[in-house]
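Under this note's numbering, the first residue of the sequence shown carries the number 75, and numbering increases by one thereafter.
All C-beta atoms, glycine included, are put in the ideal place defined by N, C-alpha and C.
All of these numbers come straight from a predicted model, not from anything done at the bench.
Below is one structure, written out as structure tokens; comments come after it.
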Amino acid sequence: MDDLPDDPQLILDPEQDAFDAALEAAIARLPDQYRAQLATVAIVVADEAMPEELALVGAPGLFGLYRGVPRTAFSADHVPIPSVITLYRGPLERHWRGPAALVQGVEETLRHELAHHLGISDARLDQLHNGG
75 MDDLPDDPQL ILDPEQDAFD AALEAAIARL PDQYRAQLAT VAIVVADEAM PEELALVGAP
135 GLFGLYRGVP RTAFSADHVP IPSVITLYRG PLERHWRGPA ALVQGVEETL RHELAHHLGI
195 SDARLDQLHN GG
């Protein structure tokens, strides 16, 4: 097993599916205020992105995809429309090998898609990532 970071919240059960364990660890590592936002979005896991999903975003591959209405843009009568974050098991497992790396990849992807759920665009995420 890979060396895991000294994080008390990162305890992986060897009997559990590696991806499920990584997702649980990634959720546990989210700050409380962001973890609370998960109550307003479904998280689903798919093996691979479908061709229509790739076409939707114009990408050759995806680790995750957010679909829905960001919390900053409710419908006209302020009723939230169901939102979904999809994490793609195959690409994540192929890119981040080993338990600690997989947790990192799932966490990064989950945070990215959760940011979209909170109304943050890819352009703004790039600015924040680059210190702006």
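- Query: Anyone know if the C-beta pair for Gln90 and Leu192 falls short of 8 Å?
  - Reply: Against a cut-off of 8 Å, the Cβ pair of Leu192 and Gln90 comes out as no contact.
Next item on the list: Just the C-alpha distance for Val177 and Ala92, rounded to the nearest angstrom, thanks.
Entry: C-alpha separation (whole angstroms): 9 Å.
| said: Taking only three categories from DSSP, how would you classify Arg171? | reply: Collapsing the DSSP output to three states places Arg171 in coil.
Practice item. Determine the direct distance from the alpha carbon of Pro156 to that of Thr114, and round the result to whole angstroms. Key: Going by the C-alpha atoms only, they are around 8 Å apart.
Ala120 by DSSP, collapsed to three states: which one? The three-state secondary structure of Ala120, taken from DSSP, is strand.
key: Stretch-stretch touch, CB-based, cutoff 8 Å, three pairs: the stretch 121-135 with the stretch 195-205   = Output reads no: the stretch 195-205 does not touch the stretch 121-135.
query = Are at least three pairs of beta-carbons, each pair with one atom in the stretch 171-186 and one in the stretch 131-146, less than 8 Å apart?
reply = The answer is yes - the stretch 131-146 touches the stretch 171-186, with three or more Cβ pairs under 8 Å.
Note to self: On the CB-based measure, 16 or more other CB atoms within 10 Å of its CB, does Gly205 come out buried or exposed?
What the structure shows: In the assembly as shown, Gly205 is an exposed residue. Its beta-carbon has fewer than 16 other beta-carbons within 10 Å.
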